[in-house]
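Peer 1:
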Amino acid sequence: MKVVILAGGLGTRLSEYTHMIPKPMVKINKKPILYYIMKHFSNYGHKDFYIALGYKGKIIEDYFKKQSFNWKINLIDTGLGTMTGGRLKKLKKYLKDEENFFLTYGDGVANVNLKNLLNFHNKKKDALVTMTAVRPPARFGAIKVIRQKVKLFREKSKIDEGWINGGFFVMKPKFIDYIEKSSTFLEKHPLQKVAKLNQLYAYKHNGFWQCMDTKRDKDYLENLFKKGKAKF
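Heads up, the sequence shown is in this note's numbering, so the first residue is 194 and it goes up one at a time.
1. Measuring CB atoms only, is the segment 321 to 328 touching the segment 250 to 263, in the sense that at least three cross pairs come out at less than 8 Å?
2. For the segment 243 to 300, which segments carrying the alpha helix (DSSP H) assignment without a break, of at least 4 residues, lie completely within its bounds, in sequence order?
3. Tell me whether T205 sits in a helix, a strand or coil according to DSSP, three-state version.
4. Please name the residue in K342, L379 and Y243 whose C-alpha comes closest to that of L284.
5. Any chance you could list the beta strand (DSSP E) runs of at least 3 consecutive residues sitting entirely within the segment 214 to 243, in chain order?
6. Have a look at G238, T325 and D300 and flag the residue whose alpha-carbon is nearest the alpha-carbon of K216.
7. For the structure I just gave you, are there three or more beta carbon pairs, one from the segment 291 to 306 and one from the segment 361 to 369, closer than 8 Å?
8. Can at least three beta-carbon pairs, one atom from the segment 222 to 242 and one from the segment 251 to 270, be found at a separation below 8 Å?
9. Express the C-alpha separation of T205 and K381 in angstroms, rounding to a whole number.
10. Report the three-state DSSP secondary structure of I198 (helix, strand or coil).
11. Skipping 5 residues on each side, what residues in its chain have a beta carbon closer than 6 Å to that of G400?
12. Per DSSP, what kind of secondary structure is A388 in: helix, strand or coil?
13. Let me know if R280 comes out buried or exposed under the rule of 16 or more other beta-carbons within 10 Å of its beta-carbon.
14. Pairing CB atoms from the segment 267 to 282 with CB atoms from the segment 377 to 391, are three or more of them under 8 Å?
15. Look up L345 in the DSSP assignment and give the residues it is bridged to.
16. Considering F378, what are the terminal residues of the alpha helix (DSSP H) in which it resides?
17. Can you give me the start and stop residues for the beta strand (DSSP E) that N358 sits inside?
18. Can a CB atom of chain C be found closer than 8 Å to the CB of F242?
19. Reducing DSSP to helix, strand and coil, say where L393 ends up.
20. Can the beta-carbon of L227 be found less than 8 Å from the beta-carbon of M218?
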C-alpha cells in the first residue's frame with residue numbers, strides 16, 4: 194500500500210534548525226525524524242513511499258541518494274508555496290488506481306498499530322478518510338467523535354480539549370477531488386467537508402504520539418532516546 198508523506202512545509206516554528214534544513218531532516222538521535230516515520234511504516238510492510246517535497250527539498254533528495262534502504266522512494270517536488278492539501282492534489286496521478294493509501298506528515302512520530310488502523314478503515318464501508326485521533330496538548334486542531342464518526346473538525350482551536358488530529362490517515366483517492374487548488378489546506382475545507390458528509394472516521398490511538406513543532410518538542414524526543422523510552 195502506498196504511503197504519502199507531506200514533507201514540504203517551511204517549519205517556521207522550528208526555525209533554529211529549519212533556516213538550514215527542512216523540518217523532516219531535523220535529527221533525533223542522529224537520524225532525521227523522516228527516517229523514523231518511514232521505518233514505522235516499513236515495519237508493517239508498507240515500503241512504497243511518495244514524499245511530497247517543497248522547502249529545501251534537495252536536501253531530502255541528497256539524503257536518499259547517499260543512503261541505501263530496502264524501500265521504494267518516490268520524491269516529488271510539489272512546489273515551495275503549496276499547502277498541505279495542494280501537495281496531496283499534485284500526487285493524484287500516482288494514487289488514482291489505489292483502493293486506499295496512507296498519508297502522514299513529515300514531523301510526527303507514533304507507535305500507531307497500522308494494521309489495526311487499516312482494518313478499522315476497511316470495516317467502515319462509507320469511510321472516505323480515517324484519521325488517527327490522539328490526546329496530546331490542547332494547542333492542536335480538535336475533532337468531535339460520535340459513534341466513531343468525526344462530526345466536527347476544527348483546526349488549531351485554543352479552546353477545544355480532547356481528541357485531536359494525530360496525522361496518520363487512511364484515505365481513498367476519491368477524497369482528493371475535494372481539494373480545490375494548490376493553496377488549499379488539507380485540514381480546512383477538504384476534511385471539514387468529508388466530516389459533514391459523515392465519511393470521516395476516527396481511529397482512537399491511546400499509545401505514544403509526539404509531533405516536532407518546536408525546539409522543545411525536539412528536545413523532548415531526544416530525551417526519550419537518552420532514557421531508553423523512545424517508542425517509535
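Cβ coordinates follow ideal geometry from the N, Cα and C atoms, glycine included.
All of these numbers come straight from a predicted model, not from anything done at the bench.
Peer 2: Checking against the coordinates, here is how it stands:
1. They do not touch, by the three-pair rule.
2. Counting only runs of 4 or more, we get 250 to 259, 277 to 282 and 285 to 288.
3. helix
4. Checking every option, the nearest Cα to that of L284 belongs to Y243.
5. none
6. D300
7. yes
8. yes
9. Those two C-alpha atoms are separated by around 20 Å.
10. strand
11. N304
12. helix
13. Its Cβ being crowded by 16 or more others within 10 Å, R280 is buried.
14. yes
15. According to DSSP, L345 shares a beta bridge with K337.
16. Element bounds for F378: n/a, residue is neither H nor E.
17. I357 to M364
18. Looking for chain C here will not work: only one protein chain is present.
19. strand
20. In terms of Cβ geometry, L227 and M218 form a close pair [threshold 8 Å].
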